[in-house]
Each structure stands twice: as structure tokens, then as C-alpha cells.
Amino acid sequence: MSDELKVFNKLQQFIPLYGNKSFSISVKTCSEICLTLAKTPNANDEMYDITIRGGSDGNVLVKKRGTNCDDGSEICEVDILEFCHLTISFEDKILKVGYKGLNSPFLSHSVSQSFYLNFVGIGCDETGTWVLDPLYTKKPIEFWTTKERSYLFFRLSRSKKFFFQVRCSQDVQLALTEAADTIDPIYEIIIGGWGNTKSVIRKNRLKTVACVLTPNILSEEKFLEFSISFENNIIEVCTRSCIGQRHFLMSYKARQLPNFLFLGVRTGPKTTGYWKISGACEMRLSGNYTACEEIFEQIKKITTSNE
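Just so you know, the sequence shown maps onto residues 1 to 307 in UniProt numbering.
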């Protein structure tokens with residue numbers, strides 16, 4: 001079942017699409033909403049904006065960010081945001097917007113060349129409610145976290161378990177939250193903290209509920225694999241060896257865990273990290289991951305140029 005999320009004051013959080021070429025979203029009590037399809041979450045990268053305005057003079061505009069409205073595609077649609085359920089797809093050099101359940105879109109926008117769109121950002125002008133249908137992991141998402149960066153939030157899939165690889169010298173931090181923000185309730189998992197010597201699970205940023213000594217658990221030379229699950233009111237963290245064997249690291253049993261909807265990731269103030277995250281599927285890479293590699297290299301170039 002999808003979960004309702006509240007959006008305030010143009011707040012836009014980027015959610016990975018995990019290789020999906022289409023997604024569905026329902027919207028309530030919004031006068032205007034903007035969906036941003038992006039190659040990476042960086043503002044200076046290739047992005048396409050879908051702006052939807054409700055009311056009697058409602059319309060939908062699709063255009064590449066940085067171009068004029070005349071270069072986009074637009075259609076008038078009265079009261080489109082009155083309890084609507086939309087499907088957005090992007091493949092074969094065409095962005096399509098339509099009502100969920102109908103075969104034909106009501107608006108299509110052609111682009112001049114093929115593109116990779118790996119994230120969707122969702123924001124609206126007023127307080128409103130949007131519901132994003134569950135996304136299913138088709139391939140890992142690769143990215144880079146920089147020093148002293150705040151949490152980068154991803155929407156969790158329906159599965160209560162995810163896998164990730166990370167290459168980092170120390171202090172990998174993950175957060176399980178109900179909202180895309182560091183507000184209570186929040187459970188943080190810190191791996192290789194305190195100079196790559198200790199790992200903990202922390203509740204509401206202050207209370208340590210699990211702690212284990214983990215000397216040299218991280219490496220800046222190679223990717224290491226981990227899994228985190230939060231089923232049956234238990235948060236469990238495990239490692240995986242190079243031959244795929246699972247090793248228990250630490251856990252915490254709560255009376256009642258929150259309904260986690262978001263995963264936040266970052267690295268500590270003294271390090272950067274390279275990440276590969278997947279949701280409900282095992283993180284054993286195979287096949288062609290050119291798109292992911294391209295994201296990784298572009299984020300690396302952007303980060304280096306901004307230092």
C-alpha cells in the first residue's frame with residue numbers, strides 16, 4: 001500500500017527510480033505541483049520539469065530546465081489536480097503524462113536525444129498531499145557523498161530490507177525516517193565511526209541502542225557490502241563477504257518501529273564516500289550498468305569542480 005506524504009513550501013526531495021522508466025503518483029489539495037526528472041540530484045545537471053497547475057485555468061507544461069516555455073509542450077486541463085492519479089513515463093526520446101489506467105497520455109514531449117533519468121523530485125507551492133506508488137528496484141543507484149553534507153534522502157521501496165556497497169575510509173551514516181528530514185522518530189545506523197573503530201544504532205540522534213566494536217570495517221580502497229532490514233520491529237545490520245556469505249553485525253529490537261518511508265545517507269565530516277544502493281534485490285552486480293557508471297563519473301566531476 002502506498003503511503004501519504006505531506007509536502008511543504010516547495011520542498012523537493014529527489015527519489016531514485018531504480019531503473020524504472022515510468023511511475024505513478026496521486027495528488028490531493030495542491031494548487032500546483034512540479035515533478036523534476038533528473039539524471040542526478042545536482043542542480044546543474046540535465047533535468048526536465050513537469051509543472052501541473054490546478055483550478056479552472058489548469059494546465060500541464062513539460063520542458064527541459066533552462067529552456068523557454070515555448071520550447072516545451074503544454075496542454076490545458078481543467079481541475080487536473082482534483083484527486084488525480086497520474087502516470088509519467090520516459091523512453092524512446094519521449095516524456096509522456098497521462099491518467100493512470102488509460103492507455104493514451106494526454107501530453108507527450110519529444111527530446112532530441114536519448115537521456116538517462118534516474119531520479120524524480122517532487123515539490124508543490126502549498127501544503128498538500130501526494131502519494132507515490134511503490135517503485136521496484138531494477139538496478140542499483142550509484143552516487144557520491146561529500147564531506148560535511150547533510151543527509152541525502154531516498155524513498156524506500158515496499159520491501160523492509162535493502163542492500164548497499166560503500167567505499168569509504170570511515171564514518172558511514174544512514175537514517176531510517178518517516179519523512180525526508182532529520183526529525184523524530186529517526187533511527188541512525190553509523191558504521192565505522194570514531195576513526196573506523198565502532199558501529200552503533202542510535203535513536204532520535206541521542207540515545208545509543210546498540211553498539212559494537214568494528215575495527216577497520218570500512219575501506220577506501222574497495223567496496224564492501226552491507227544489508228539493513230527492519231522487519232518485526234527489529235533493525236538488523238549485516239555484512240556480506242566477497243563470496244556472498246552473510247555475517248551478523250548488530251541489531252536492535254523496539255517495542256514498535258515507525259513506518260519508515262525514507263532512507264537518508266551521508267558520510268562524516270572528515271570523509272567522502274562512494275555508494276551503490278539497491279532495494280528489494282540482492283546487490284550482486286551483473287550485466288551492463290553503463291547508466292550507473294555515467295552517473296557516478298558525472299557526480300565525481302561536479303563534486304571535484306566545486307571543492
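Backbone N, C-alpha and C fix where the C-beta goes; we use that ideal spot for every residue, glycine too.
So, L132 versus V265, is the Cβ gap smaller than 8 Å? Contact flag unset, no.
Tell me where the alpha helix (DSSP H) around N196 begins and ends. 193-196
Would you kindly work out how many angstroms separate the C-alpha atoms of T40 and N118, rounded to a whole number? Each residue's Cα considered, the two are about 7 Å apart.
Selection from G55, H109, L37 that minimises the alpha carbon distance to D71: Comparing Cα positions, the closest option is H109.
Starting from N103, trace the beta strand (DSSP E) in both directions and tell me its first and last residue. From DSSP, N103 is part of no beta strand (DSSP E); its letter is neither H nor E.
Do the region 45-61 and the region 17-26 make contact, defined as three or more Cβ pairs closer than 8 Å? Remark: fewer than three beta-carbon pairs, one from each stretch, lie closer than 8 Å, so the region 45-61 and the region 17-26 are not flagged as touching.
Please go through the UniProt domain "Farnesoic acid O-methyl transferase" (154-278) and give each complete alpha helix (DSSP H) segment of 4 or more residues, from N-terminal end onward. 193-196
Does DSSP classify C30 as helix, strand or coil? Look at C30 here: in three-state DSSP terms it is coil, with no helix or strand label.
Which residues mark the beginning and the end of the beta strand (DSSP E) in which D49 is found? Per DSSP, the continuous beta strand (DSSP E) segment holding D49 begins and ends at 47-53.
Starting from the Cα of E268, find the closest Cα among F162, V60, W194 and give me that residue. The sequence shown places Gly at residue 268, not Glu. When each option's Cα is compared against that of G268, the closest is W194.
Rounded separation between E178 and F260 - CA only: Per the coordinates, the alpha-carbon of E178 lies some 5 Å from the alpha-carbon of F260.
How would you label G66, buried or exposed, when you count the other beta carbons within 10 angstroms and need 16 or more for buried? exposed
Can you give me the Cβ contacts of C211 inside the same chain, cut-off strictly under 6 Å, excluding the 5 residues immediately before and after it? V200
Can G54 and C30 be called in contact, C-beta distance under 8 Å? yes
Proximal residues to V105 (C-beta, below 7 Å), its chain only, five neighbours per side dropped: Contrary to the premise, residue 105 reads as Pro rather than Val in this sequence. Excluding positions up to five away in sequence, the list reads K96, V97, G98.
Taking a contact to mean a Cβ-Cβ separation below 8 Å, would you say P215 touches T239 in this structure? no
Leaving aside the five residues before and after S169 along the sequence, list all residues of the same chain whose C-beta is less than 7 Å from its C-beta, in chain order. Take S169, set aside five residues on each side of it, and the residues of its chain with a beta-carbon closer than 7 Å to its own are N196, L218, E220, T271, in chain order.
Going by DSSP in three states, Y18 sits in which element: helix, strand or coil? Three-state result, Y18: coil.
Would you report the Cα separation of I228 and V166, rounded to the nearest angstrom? 13 Å
Since T145 sits in a beta bridge, which residues does DSSP pair it with? Residue pairing by DSSP places T145 opposite G273 in a beta bridge.
Of the residues L257, I88, S150, Q113, the one placed nearest G101, counting alpha carbons only: Taking only the C-alpha atoms, the option nearest G101 is I88.
Give the single residue among A180, R205, I277 whose Cα lies nearest to the Cα of I190. R205
How is E282 classed by DSSP in three states: helix, strand or coil? Reliability of the predicted coordinates at E282 is poor, the pLDDT of 29 falling under 50, and the value obtained from them is presented with this limitation in mind. Correct three-state label for E282: coil.
When you compare each of E74, V237, E231, S251 to residue 310 by their alpha carbons, which one comes out closest? Only positions 1 to 307 of the chain appear in the structure, and residue 310 is not among them; the question remains open.
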